[in-house]
Amino acid sequence: GEDVEQSLFLSVREGDSSVINCTYTDSSSTYLYWYKQEPGAGLQLLTYIFSNMDMKQDQRLTVLLNKKDKHLSLRIADTQTGDSAIYFCAPEAAGNKLTFGGGTRVLVKP
Amino acid sequence: NAGVTQTPKFQVLKTGQSMTLQCAQDMNHNSMYWYRQDPGMGLRLIYYSASEGTTDKGEVPNGYNVSRLNKREFSLRLESAAPSQTSVYFCASSGGQGVNTEAFFGQGTRLTVV
């Protein structure tokens, strides 16, 4: 099955950029998603990228996809305290199932 | 429009007890999923249902059973709870059609088995 790896923790100062990295193994993933989980809540879709794209920008969010290296990243510009959360990378696996990474906990310091 | 609703939100069980976690969605989605979330391990798929009347095992199905009662409802049953099943459980649904499989999640059920 698909393996998805993320670093566990990222600390960033308010106003700086955050970069969260993800590697995966299934090259057939059509859509690759980023989900955000705030404390005590379920996951919410943050953004996604289609596999034939290298980059997608959505306001403060930039998703970069390197299909050759099976590497996905999420950049958050001008990080705010409200961005403190756990971020999950989730490539779509065979059968339209999502496989989630372990999550990266982002802590934004004032 | 409630989205995905899970009940209960919290539950404490004794080892060996049984219980059913309920999930309902009102988005007319075909696919429904049960995940468990443990610290540092992301979400692991327990069971999923691609359509009404079908269910399939995910990554960690042992100790669980599911029922896709109708298109709206997908329940998860623990027949004999074990401390290893202490976790946060999430139900999700997705349209499952075409290529966009965005999943919508419930708020989670925090289960403790003592």
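Residue numbers (the working numbering), protein chains in the order written: chain A, 62 to 171; chain B, 675 to 788. Positions of the beta carbon are idealized from the N, C-alpha and C atoms, including for glycine.
Under a Cβ-count criterion, where at least 16 other Cβ atoms within 10 Å of its own Cβ denotes burial, should residue i be classed as buried or exposed?
i: GLN118 (chain A); result: exposed
i: SER767 (chain B); result: buried
i: ARG74 (chain A); result: exposed
i: GLN98 (chain A); result: buried
i: GLY782 (chain B); result: buried
i: ASP730 (chain B); result: exposed
i: PRO100 (chain A); result: exposed
i: LEU135 (chain A); result: buried
My assumption, with CB atoms under 8 angstroms, is that residue i sits in contact with residue j. Please give the rounded CB distance.
i: VAL694 (chain B); j: ARG751 (chain B); result: The sequence shown places Thr at residue 694 (chain B), rather than the Val named in the question. Yes, THR694 (chain B) and ARG751 (chain B) are in contact; Cβ-Cβ is about 5 angstroms, under 8 angstroms.
i: TYR96 (chain A); j: PHE149 (chain A); result: 4 angstroms
i: LEU107 (chain A); j: LEU122 (chain A); result: 7 angstroms
i: TYR722 (chain B); j: TYR738 (chain B); result: Incorrect: roughly 12 angstroms between the Cβ atoms, too far for contact.
i: GLY14 (chain A); j: VAL65 (chain A); result: The requested residue 14 (chain A) does not occur in the structure, where chain A is confined to residues 62 to 171.
i: CYS765 (chain B); j: VAL678 (chain B); result: 6 angstroms
For residue i, return the contacting residues in chain A, with the cut-off set at a CB-CB distance below 9 angstroms.
i: GLU726 (chain B); result: Those within 9 angstroms of GLU726 (chain B) in chain A number zero; the least Cβ separation is about 16 angstroms.
Nearest by alpha-carbon distance to residue i: which of the options is it?
i: TYR109 (chain A); options: A:SER90, A:ALA102, A:ASP77; result: A:SER90
Identify the contact partners of residue i in chain B, using a Cβ-Cβ distance below 7 angstroms as the criterion.
i: LYS158 (chain A); result: LEU719, TYR722
i: GLY103 (chain A); result: PHE764, PHE779, GLY780, GLN781, GLY782
Which residues of chain A have a Cβ atom closer than 7 angstroms to the Cβ of residue i, listed in chain order?
i: GLU747 (chain B); result: Under the 7 angstroms cutoff, chain A gives no residues; its nearest Cβ is about 18 angstroms from GLU747 (chain B).
i: MET715 (chain B); result: GLY163
i: GLN696 (chain B); result: By Cβ distance, chain A contributes nothing, its closest Cβ being about 15 angstroms from GLN696 (chain B), past 7 angstroms.
(message) What ranges does the beta strand (DSSP E) occupy inside the stretch 685-721 of chain B, keeping only unbroken runs of at least 3 residues that lie completely in it?
(response) 693-699, 705-711
(request) Entirely within the stretch 727-768 of chain B and at least 3 residues each: give me those beta strand (DSSP E) ranges in chain order. (result) 738-742, 748-752, 761-768
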